[in-house]
Amino acid sequence: KYVNKSLTLLLGGFNQCFLNKRNMYYYIHGHHVFDKNWQVRAGIMHSNAKSIPNGVVDIATGEAKNASKVPGLWLGVQYKAIDLQKPGTYDLWATYRREPGLTMPTVTDWWEPNKEGYRIGFDYVLDKNLTFTTWMNWFKDIDTSERTRRFRFQVDAFF
2 KYVNKSLTLL
12 LGGFNQCFLN
22 KRNMYYYIHG
32 HHVFDKNWQV
42 RAGIMHSNAK
52 SIPNGVVDIA
62 TGEAKNASKV
72 PGLWLGVQYK
82 AIDLQKPGTY
92 DLWATYRREP
102 GLTMPTVTDW
112 WEPNKEGYRI
122 GFDYVLDKNL
132 TFTTWMNWFK
142 DIDTSERTRR
152 FRFQVDAFF
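Here this note's numbering is used: the first residue of the sequence shown is 2, the next is one more, and so on.
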């Protein structure tokens, strides 16, 4: 029986200076491993931001137009896990996210700002320290409801 069960909570924040204003972004994230095959992640995020980089700003108020000011959230589930030392290992995952433009900037995983939707993905170890990843997004703009689909294929080498 798999006994390495865990629950992790992370609370953090960071400052970003934009238009000479300090924006504080904060989040809480939970991760639970059920067994050797299943794990879930969830989190919420928010900020005190009134405007965003590359956003349309109302000159009179200095606040962003078309950028919701509600907390963001995400929920993800993963089946299996890759092992970089074992070719042939894989994982499958799905995520739901709502990330309003004023909650938190995404900088690492290509989720577009002010979007809500789903992502499914697959990782596969081709050879020792060489992985193939693919994913597809179905999302819509939170304020305008404009729908977008995106997909990505990549190969990563780890040294």
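Yeah, the Cβ is synthetic: ideal placement off N, Cα and C, and Gly gets one too.
Taking Cβ to Cβ, would you say residue i is nearer than 8 Å to residue j?
i      : j      : result
Leu76  : Ala43  : yes
Pro114 : Gly102 : yes
Trp111 : Arg153 : yes
Lys116 : Ile143 : yes
Gly122 : Trp94  : yes
Ser146 : Thr104 : no
Tyr125 : Trp139 : no
Mapping the DSSP letters down to three states, classify residue i as helix, strand or coil.
i      : result
Trp111 : coil
Ser48  : strand
Val92  : First, the amino acid is wrong: residue 92 is Asp here, not Val. The answer is strand: DSSP assigns Asp92 an E or B state.
Leu127 : strand
Phe160 : coil
Gly73  : strand
Phe35  : coil
Arg150 : strand
Ile143 : coil
Quick check on this structure: which residue in the options has the alpha carbon closest to the alpha carbon of residue i?
i      : options                           : result
Asp128 : Trp136, Phe159, Arg99 and Leu74   : Phe159
Trp39  : Tyr91, Arg120, Thr134 and Trp136  : Tyr91
Lys37  : Gln79, His30 and Ile45            : Gln79
Tyr26  : Val41, Asp157 and Val71           : Val71
Asp157 : Met46, Asn130, Arg150 and Lys141  : Asn130
Phe133 : Arg151, Gln155, Arg150 and Lys141 : Gln155
Residues bridged to residue i by DSSP?
i      : result
Ile121 : Ala95 and Met137
Gln79  : Gln40 and Trp94
Gln155 : Thr134
Lys116 : Glu100 and Asp142
Assuming the contact rule is C-beta atoms closer than 8 Å, residue i and residue j should be a hit. Round their C-beta distance to whole Å, please.
i     : j     : result
Val41 : His33 : 5 Å
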